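Quick note, the sequences are listed as chains B and Y, same order.
Take the numbering used here: the final residue in the first sequence is number 1195, and no numbers are missing along the way.
Take the numbering used here: the final residue in the second sequence is number 1195, and no numbers are missing along the way.
So the structure is just underneath, and the comments pick up after that.
Protein chains: 2
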Amino acid sequence: MQADFKELNDRIAEIDDLNRIQSLLYWDLQTYMPPNGSEARSSQISVLSRLVHERVTSEQIGKKLEDLRPLVSQMDSNSSEARAFVKIDSAYSKLTRIPVEWVSEFSRLTTRAHKFWAQAKAENNFELFRPYLENILEMRRAYSGFFTPYEHIYDPLLDDYEPGMKTSDIKEVFGFLRVRQVELVQAISKCPQVDDSFLYQDFDEKAQWDFGLEVIRKLGFDANNGRQDKSPHPFTTRVGAGDVRITTRFDPGFLNSALFATLHECGHALHSLGLAPEFVQTIFGARIGPGSGGASMALNESQSRLIENLVGRSYQFWQYYYPRLKDYFPAQFQEVSLEDFYKGINQVKPSLIRVEADEGTYNLHIMLRMELEIKLLEGTLAVKDLPAAWSEGMHDYLGLVPPNDSQGVLQDVHWSAGSFGYFPTYALGNLVSAQIWEKILQDLPDINDQIRQASFEELLGWLREKIHRHGTKYTAQELLISLTGSSIDPNPYIDYLTKKYKQIYRF
Amino acid sequence: MQADFKELNDRIAEIDDLNRIQSLLYWDLQTYMPPNGSEARSSQISVLSRLVHERVTSEQIGKKLEDLRPLVSQMDSNSSEARAFVKIDSAYSKLTRIPVEWVSEFSRLTTRAHKFWAQAKAENNFELFRPYLENILEMRRAYSGFFTPYEHIYDPLLDDYEPGMKTSDIKEVFGFLRVRQVELVQAISKCPQVDDSFLYQDFDEKAQWDFGLEVIRKLGFDANNGRQDKSPHPFTTRVGAGDVRITTRFDPGFLNSALFATLHECGHALHSLGLAPEFVQTIFGARIGPGSGGASMALNESQSRLIENLVGRSYQFWQYYYPRLKDYFPAQFQEVSLEDFYKGINQVKPSLIRVEADEGTYNLHIMLRMELEIKLLEGTLAVKDLPAAWSEGMHDYLGLVPPNDSQGVLQDVHWSAGSFGYFPTYALGNLVSAQIWEKILQDLPDINDQIRQASFEELLGWLREKIHRHGTKYTAQELLISLTGSSIDPNPYIDYLTKKYKQIYRF
């Protein structure tokens, strides 16, 4: 039996190798690839996608699973072997439902769609993107069809990113969250606005880079195990166990852009680097099928949000780092007190662009997207009517109407990549980050004092031990329940925001 | 039949995609990969090597070749189809002789050997590397054994890099070349030495980078189709048809190091980028099996040497570029005339390190290596006696004895990679570059005037039309004979050197 498990794992390791290579192909595409490399790159990515799909769904894996099934049924279902078996089995039975032709065609379609989305966004012309989005939507409907029966057509898509969660679960969470979050934004809107104009000054790129690097080094992102580069859209990718890469971008006229992206991606990188060595190149660390490493996208996102917001937008963090920041930008912050700086980086103000949204309004952007995605999939909204529905929804959720589609429905890359079902995990990640933070405050009562001294070892140790090291061994729900006693719960996040904003806005 | 050819070519295209991905894995390894990424990377490279080997030697390709063979035998043997068939057929029959276990083990062995070679070189301790080199040599003997009968045990190795050439051919060429080249070095050694001390000053890295980039842009290496990065050992790699990358390195105290490496790699890149669009992802452009793209390594090397030396160390080139170089480094060259600069960069002086050798002595370094490789393979020299044989040979060829093994037998990476049979192609490349240059002087009689004005369009156009566009459609010998009427001939190179050095050293 050990030999069978080993053989199964050797196949997983090989698939992991191919997926990590794929990660490097994407990383390079976004960072260093010359413009005319794109045709060869999309061919390379498509070949590798097919090889991976063929391998994950190979008869040899199916056979090995059938050989092991009776043995596993007699094992402790919590043993690592049994859990590994279940994970591989469910990935296999999920992916074998997807025809390889669908995989190839979807890869080709989304590669082309990305190009037309970028052009549509640049030229503010939704019509350029519309036919591609229509095709993507059709292919996504077909995809859900591979997983009938389902409770809701959105469920199979969601399951790729948030395994085990149903559309109905999220609707329930968001239903509650929306009411509370809108209340909070309204309460803030009645208070005098805090000043953040000092964040919009000239900030030398090199100094921004150096300050960001100083912070993430201290947080525990080590140059031996990863690197940071520039790309248009910040992201984190795991190229290998000791090779996790983040990217950031710079706005020379706005400090937050690079700073919080760097902290966000650092949170992802620390998560990825924390995988237990014994799980490297096993199913608990391997990326198989859609989604990513980590127990779920919401859990992943909780780790980036925790570093970006719970740590990186906290008062105690800036008690240490604001003087350092002033060393890099003495002229810009000469007249700005720590208190004003802290308030400025936490300003709440409804805005058009999701990635620039503050903690108070961010989730509202997500809810709009999920609502539209569901209507599109259900067929109650046609793609041609999407821009109007977007504007209406923005007005509804945030009281704003975008002046054009580039700043509206075309702003995000996700739909061009066919990533329906992904957005909700961003909001869930925010909720989970606050749930985990409550637990950290219990387990490490002096954590705020430690942060005040830029001492992050205990925090990182806790995250590694409780979350990072397990990879996908436990589901996100299992992890969260074992840590906090509860599944995803919006209350801690609302409590955290309310407490923070009451202090800042004095309502 | 068209459908059969298409299917065969689709398989070649897929193999090419996988090989280009492999190129990116190596490029990244040498440029940006963080130190702890090496374990995952060697696993990724090994998986991909196996996949490629399995595909090239697959039964489907064998079957398709057998289906097509009778049809091809009735075709014009010079047609593109027939030539493509022969190339695929010979790659297939060569690679199917190599057991996949040998491929995997050799990949594992050389990955480990590289590490111990690097350590041995750093610590000046040949013994650390010796056992690995012994194993590599044994595996290389076994490799030649897959190709029995052969005229000489070195032939199958040489054939990987210089298809169709025999050890006896090269011995004949080198026998003649050695006598003439030693005569030339001796004649020079009797003349007063030219000064090159001005090349050893402080040269700001950024200014070196900018000057180099200015030159290669003008030569035709376009930022849309490639990029330049830094790496410890300069190299060129083709990641895709519009994505050819070069690397260089900088010595802040020696101008030549980056400058001529940059020109050299630019020559390779222009060659690679010149492939006819209709040959992209066909056997004429694909990399299959050992060696590289291009008709042969000697032909490849002729293209880099032509740019580096025939163009880049010519007087007319510096008539244009020396004033530009002085703009970058005014203080360093204030007192140095164009004539003295030209003489300095062409100084001939026996030295220990191959990659730093001048045109006058370079080939002697190669001859020594080939002589030792042949003895090792024949079994007339044991690995343990290699350092002593090296020192003796250096004395014999160049009148120098290395003070230690790091500057002697351990200096080159090639043997740690198992690349026996590769070195001779460097010297052959020098010879071919001079043969091609003679033809260029006939076809473009005012080429030197054009170079004097940094006008390289006609030169690049000629190289593209006559050489680059053909990829591997013709063998190096065929190309050379059709261009110059002769196979590899050392006379043009000796004539070129003699004329140049007589003018510089006045003998």
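Here a beta-carbon is modelled for each residue, glycine too, at the ideal position from N, C-alpha and C.
What you are looking at is a predicted structure, and each value in this text was computed from that prediction instead of being measured.
- The C-beta distance from Y/His952 to Y/Ser919 rounds to 14 Å, too long to meet the 8 Å contact threshold.
- Out of B/Val861, B/Thr950, B/Ser990, B/Gly930, the CA that lies nearest to the CA of B/Glu902 is found in B/Thr950.
- Within chain Y, Ala728, Gln732 have C-beta atoms less than 8 Å from the C-beta of B/Arg708, given in sequence order.
- Chain order gives the chain B residues near Y/Ala929 as Asn724, Glu727, Ala728, where near means a beta carbon separation below 8 Å.
- The three-state reading of DSSP puts B/Val927 in strand, counting E and B together.
- In terms of CA proximity to B/Ser1104, B/Phe817 leads the group B/Gly833, B/Asp1093, B/Phe817.
- The beta carbon of Y/Gln1007 sits closer than 6 Å to the beta carbons of Arg1140 from its chain, once the five residues preceding and following it are set aside; these are given in chain order.
- Listed along chain Y, the residues sitting closer than 7 Å to B/Arg915 by beta-carbon distance are Tyr720, Pro722.
- Residue B/Arg785 holds the alpha-carbon nearest to the alpha-carbon of B/Tyr831 among B/Arg785, B/Ser761, B/His921.
- A residue is called buried once 16 or more other Cβ atoms fall within 10 Å of its Cβ, and Y/Leu736 is buried on that count.
- Counting C-beta pairs closer than 8 Å gives fewer than three between the region 1162-1170 of chain Y and the region 1178-1194 of chain Y, which falls short of the contact rule.
- For B/Glu702, the chain Y residues whose Cβ falls inside 7 Å of its Cβ are Val735, in order along the chain.
- Close partners of Y/Asn912 in chain B (Cβ separation under 8 Å): Pro722, Pro723, Asn724.
- Along the length of the region 967-1049 of chain Y, whole alpha helix (DSSP H) runs at least 4 residues long occupy 985-993, 1003-1016, 1018-1021, 1026-1033, reported in chain order.
- Contact annotation: the region 861-871 of chain Y does not touch the region 1014-1025 of chain Y, with fewer than three C-beta pairs closer than 8 Å.
- Between the beta-carbon of B/Asp755 and that of B/Asp692 there is about 6 Å, and that keeps the pair under the 8 Å contact cut.
- Contact residues of the region 1137-1166 of chain Y toward chain B are absent (C-beta to C-beta distance below 9 Å).
- For B/Leu713, at least one C-beta of chain Y is nearer than 8 Å to its own C-beta.
- Boundaries of the alpha helix (DSSP H) around B/Asp777: 768-783.
- Y/Asp892 does not reach chain B, its nearest Cβ partner there being about 17 Å away, counting only Cβ pairs nearer than 8 Å.
- Residue state for B/Arg933 is assigned as strand, using DSSP reduced to three classes.
- Around the beta carbon of B/Ala1122, 16 or more other beta carbons lie within 10 angstroms, which makes this residue buried.
- With 16 or more other CB atoms across the displayed protein chains lying within 10 angstroms of its CB, Y/Ala728 is buried.
- For B/Asp716, the nearest CB of chain Y lies under 8 Å from its own CB, placing it at the interface with that chain.
- Among the bridge pairs identified by DSSP, Y/Asp917 is matched with Y/Thr935.
- B/Ser1039 and B/Lys1161 have their C-alpha atoms roughly 39 Å apart.
- For Y/Gln1191, the secondary structure class from DSSP, reduced to helix, strand or coil, is helix.
- Annotated as proximal: Y/Leu987 and Y/Val1120, with beta-carbon spacing under 8 Å.
- When 7 Å is used as the limit between beta carbons, B/Asp705 is near these residues of chain Y: Ser731, Gln732, Val735, in chain order.
- Two segments are said to touch when three or more pairs of C-beta atoms, one from each, lie closer than 8 Å; by this definition the region 1073-1086 of chain B does not touch the region 887-903 of chain B.
- The Cβ atoms of Y/Thr925 and Y/Ser746 do not sit closer than 8 Å to each other.
- Burial of Y/His956 is indicated by the presence of at least 16 other C-beta atoms within 10 angstroms of its C-beta.
- For Y/Gln1138, the uninterrupted alpha helix (DSSP H) run begins and ends at 1135-1140, by DSSP.
- Rounded to whole angstroms, the separation of the alpha carbons of Y/Ala983 and B/Asp843 is 54 Å.
- The alpha carbon of B/Val740 has as its nearest neighbour, out of B/Ala770, B/Ile700, B/Ile1192, the alpha carbon of B/Ile700.
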